[in-house]
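The structure appears right after this line, and notes come after that.
Number of protein chains: 2
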Amino acid sequence: MSGWLRIVGLGPGAEALVTPEVTAVLAEATDVVGYIPYVARVAERPGLTLHASDNRVEIDRSRHALEMAAEGHRVVVVSSGDPGVFAMASAVFEAVDSGPRAWRDLDIQVLPGITAMLAAAARAGAPLGHDFCCINLSDNLKPWPLIERRLRLAAQADFAMAFYNPRSKSRPEGFEKTLQILREECEPERLILFARAVSRPDEALRVAHLAEATPEMADMQTVVLVGSSRTRLIERDGSPIVYTPRFTPE
Amino acid sequence: MSGWLRIVGLGPGAEALVTPEVTAVLAEATDVVGYIPYVARVAERPGLTLHASDNRVEIDRSRHALEMAAEGHRVVVVSSGDPGVFAMASAVFEAVDSGPRAWRDLDIQVLPGITAMLAAAARAGAPLGHDFCCINLSDNLKPWPLIERRLRLAAQADFAMAFYNPRSKSRPEGFEKTLQILREECEPERLILFARAVSRPDEALRVAHLAEATPEMADMQTVVLVGSSRTRLIERDGSPIVYTPRFTPE
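Okay, structure coming up:
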């Protein structure tokens, strides 16, 4: 038995953003497990079984991966972006924590990836170039009042902010409430970026002032970045540059 | 004239964590610019000039890179980790913002990298698996009271936290004050991780409870991760797993 489990990040979409470390473990794997669109990014080959599953079954998927590793398979759990940022790593460790004692001693490693907020920030310039926070706006797994509290405290701390999962069909109103909270806490000129499908063929980047932002500017493929009060815009031909200076005066 | 400027992240240290995109632009560059230890990670070759400079000259370095790109060179500015997280991207855009108008229309792109906090989190498990914030503890470029305010608000928001630049010889007391603030805001059992030189030969990871943490556990090579109130530790043979569950109850 020489099974192992690797929980890896495939980055935001482009092959050129997958780390060589991740490419190497995919080449050694016997089984790849993950959400359908992420497993679809892994090339089929003899000796590799792809196990694609639907959204919201993360714990079942994790247990399946752990069972196979315990049986001696070389299993890769794939996430987009980084597996530790609102992705599969926490789900797998929840399954380990509540599972058989033997699972703890499996050979498990997490391999990092380029998470969406950093790919989006790179496209825009450097909006996260100073202190920032990262919030999952989905209230599937936490109460909405906690999200609201975090948004207000983050604005009061003058963090730049990155929002994952801003909006879905099942939660049409959450992002509208988010924009309303930001308008109560921040000035109307605050810069906000909508980065959709970064590094993929349908990539789109939009920069707005908070006063003009509307809920329809985001969907589940979008990462939203909100500048701090010090974030600046450099106008030029083509898309502007958005960056947060390193220096904050007294 | 077909000069360009790429501001790239080399990741935390291991070659296997450098993205293919970054490797490709390094192969096309005529000039590489950066802080001495990061430029030392780029292989010398004919046709490539390495421009290594000391710490704290980020704006001079940025202007030099922009001048060379304007003259037609293919210039890569290197940072460790991700260039947009407390690294060179903001410095370059500060130089663009205050420089000649023509610099705005240069072909400039930021290429993301694996930032230290995500590499450190991956090694430990998934401590940043829920909402989190990222704070540079150096007060070289911002007043200490702003850092203190951000620490307290982040703790009150129950964010997991990542700290860059926790401690240096010129700022021996800052991290001690940080631990004191955390002890005032968080419970003594709060999990704290010290991740030094992740992915490099001298890598070291240490997990402690906040009550036991001391300033000497961190240096400038260390990223410090602080769990939220929900972060858990899974004991096992070898180093424990630290993760933050996805679910937060009402």
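These protein sequence lines map, in sequence, to chains A and B. Sequential numbering of the first sequence, starting at 1, is according to this note's numbering. Sequential numbering of the second sequence, starting at 1, is according to this note's numbering. Backbone N, C-alpha and C define an ideal beta-carbon position, used for all residues, glycine too.
Asked	Found
At a CB-CB cut-off below 8 Å, which residues of chain B make contact with S90(A)?	A126, G129, H130, Y243, T244, P245, R246
For a contact defined as C-beta to C-beta under 8 Å, what are the partners of I135(B) on chain A?	D131
Closer than 8 Å by beta-carbon distance: list the chain B residues that pair up with E21(A), in chain order.	A14, A16, L17
Can a CB atom of chain A be found closer than 8 Å to the CB of G84(B)?	yes
Using the beta-carbon of each residue, which ones in chain A are nearer than 7 Å to T115(B)?	L118
Strictly below 7 Å CB to CB, what residues from chain B border I234(A)?	F93, V96, D97, R104
Check whether the Cβ of Q156(B) lies closer than 8 Å to any Cβ atom in chain A.	yes
Strictly under 8 Å for the Cβ-Cβ distance: is E250(B) near chain A by that measure?	yes
Cα separation between W103(B) and A70(B)?	7 Å
Can you pull the chain B neighbours of K177(A), defined as C-beta to C-beta under 8 Å?	Neighbours of K177(A) on chain B: none; closest Cβ ~16 Å, over 8 Å.
To the nearest angstrom, how far is the alpha carbon of A208(A) from that of A160(B)?	29 Å
Would T142(A) count as contacting chain B if we go by Cβ distances under 8 Å?	The question names Thr, but residue 142(A) is Lys in the sequence shown. Yes - at least one Cβ of chain B is within 8 Å of the one on K142(A).
By the 10 Å Cβ neighbour count, where 16 or more other Cβ atoms means buried, how is G72(B) classified, buried or exposed?	exposed
Per DSSP, what kind of secondary structure is T231(B) in: helix, strand or coil?	coil
Between the region 190-213 of chain B and chain A, which residues of the former have CB atoms less than 7 Å from a CB of the latter, in chain order?	none
Does the beta-carbon distance from A65(B) to V33(B) come in below 8 Å?	yes
If we count the other Cβ atoms within 10 Å of its Cβ and call it buried at 16 or more, is E173(B) buried or exposed?	exposed
Between the C-alpha atoms of G227(B) and L191(B), what's the straight-line distance to the nearest angstrom?	5 Å
8 Å is my cut-off, CB to CB: does L146(B) come that close to chain A?	yes
Using a C-beta to C-beta distance shorter than 9 Å, which residues of chain A count as neighbours of D237(B)?	R104, D105
Give the residues of chain A in contact with P100(B), contact being defined as C-beta atoms less than 9 Å apart.	Here the premise fails: no neighbours, minimum Cβ distance about 12 Å.
If you draw a straight line from the alpha carbon of D60(A) to that of A95(B), how long is it in whole angstroms?	50 Å
Report all residues from its chain with a CB closer than 7 Å to the CB of L136(B); omit the five preceding and five following residues, and keep chain order.	Going by the sequence as given, residue 136(B) is Asn instead of Leu. Excluding sequence neighbours, N136(B) sits near F86, Y164, N165.
Closest to T248(B) by C-alpha separation, out of L146(A), V57(A), E250(A), would be which residue?	L146(A)
Compute the Euclidean distance between the alpha carbons of R63(A) and R167(B), then round it to the nearest angstrom.	40 Å
Can the beta-carbon of P100(A) be found less than 8 Å from the beta-carbon of I7(A)?	no
Residues in its own chain within less than 7 Å of E279(A) by CB, not counting five upstream and five downstream?	Missing from the structure shown is residue 279(A); chain A here goes from 1 to 250 and no further.
Could you please give me the residues that DSSP links to Y251(A) through a beta bridge?	Past the boundaries of the shown model lies residue 251(A); chain A is included only from 1 to 250, so the question cannot be answered.
Rank V75(B), R123(B), R230(B) by C-alpha distance to the C-alpha of H130(B) and give the top, closest one.	R230(B)
When you compare the CB positions of V25(B) and L10(B), do they come within less than 8 Å of one another, or not?	no
For W4(A), list the residues DSSP reports as bridge partners.	R74(A)
Starting from A121(B), find everything on chain A with Cβ-Cβ shorter than 7 Å and list it in chain order.	G84
Under the rule that 16 or more other beta-carbon atoms within 10 Å means buried, what is K142(B), buried or exposed?	buried
What in chain B is Cβ-close to R149(A), meaning under 8 Å?	A157
Run through the DSSP bridge pairs and tell me what Y164(B) is partnered with.	N136(B)
Say whether chain B places a C-beta atom closer than 8 Å to the C-beta of V42(A).	no
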